[in-house]
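**Q** Per this note's numbering, the sequence shown starts with residue 18, numbered consecutively.
All C-beta atoms, glycine included, are put in the ideal place defined by N, C-alpha and C.
What you are looking at is a predicted structure, and each value in this text was computed from that prediction instead of being measured.
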Amino acid sequence: MTEKSISAEELEQRYADATVSNALTDEGAQELPPELQDFVDKLFELARTGTVPPGEPSAADQLAGYVTAGLSPNLTNHEGNTLLMLAAYNGHADIVTALAQHGADVDRLNDRGQSPLAGAIFKQETAVIEALLAAGADPLAGHPTAIDCATMFGQTELADRLNLMLN
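#1: Looking at residue 77: is its Cβ nearer than 7 Å to the Cβ of residue 115?
#2: According to DSSP, simplified to helix, strand and coil, what is residue 16?
#3: What does DSSP give as the partner residues of residue 93 in its beta bridges?
#4: For the alpha helix (DSSP H) containing residue 180, list its first residue and its last residue.
#5: For residue 155, does the three-state DSSP call read helix, strand or coil?
#6: Grouping DSSP H, G and I as helix and E and B as strand, with all else coil, what is residue 162?
#7: Rounded to the nearest angstrom, what separates residue 140 and residue 50 at their Cα positions?
And the structure:
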């Protein structure tokens with residue numbers, strides 16, 4: 018993430034007390050110590066950009082490591098977006114796959130009622146769409162649904178495919 022990246026092991030050691038541990042595993046990081054809030058913000062930025070300096074593990078590997086160390090795979094930001102939602106919307110299929118494999122809810126809606134699958138369809142992120150479907154994403158989750166999005170944006174083959182999945 019940055020020169021001051023915190024390893025998954027260091028995360029466990031530095032934030033082992035119950036209060037902070039609970040904040041990181043509840044839905045949404047709220048009322049965290051400033052240093053920890055900065056760290057959580059960097060995690061959301063990592064999911065959004067997928068960018069890491071040369072020589073560091075991939076964003077997918079880093080986020081998977083933090084989840085393995087105890088970070089909630091469904092941690093949400095102030096808009097209700099999970100790490101997976103941000104990765105999906107920004108075209109990072111590898112991050113989506115890694116988070117889904119580590120327990121992230123692929124149908125978790127943000128505060129606007131949007132699903133990761135609908136967001137990926139809106140952004141025409143084919144690899145992300147495939148990753149979400151492989152992880153069991155529900156084409157009817159959210160509003161508009163993924164099927165509605167595919168139809169609205171003229172992706173009739175995808176809309177037909179999603180409808181067939183429901184039968």
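**A** Based on what the coordinates show:
#1: The residue given as residue 77 occupies position 60 in the sequence shown. The residue given as residue 115 occupies position 98 in the sequence shown. In this structure, residue 115 lies closer than 7 Å to residue 77 by Cβ.
#2: Lying before the first or after the last residue shown, residue 16 is absent from the chain, which here runs from 18 to 184.
#3: Taking the sequence shown and counting its residues from 1, one reaches residue 93 at position 76. According to DSSP, which records beta bridges pairwise, residue 93 is partnered with 99.
#4: Residue mapping note: residue 180 aligns to position 163 of the sequence shown, counting from 1. Counting along the chain, the alpha helix (DSSP H) containing residue 180 begins and ends at 173–183.
#5: Within the sequence shown, residue 155 is the residue found at index 138, counting from 1. Three-state DSSP puts residue 155 in coil, outside helix and strand.
#6: Here residue 162 is taken as the residue at index 145 of the sequence shown, counted from 1. Coil at residue 162, not helix or strand.
#7: Taking the sequence shown and counting its residues from 1, one reaches residue 140 at position 123. Taking the sequence shown and counting its residues from 1, one reaches residue 50 at position 33. Answer to the nearest angstrom: the Cα atoms are 35 Å apart.
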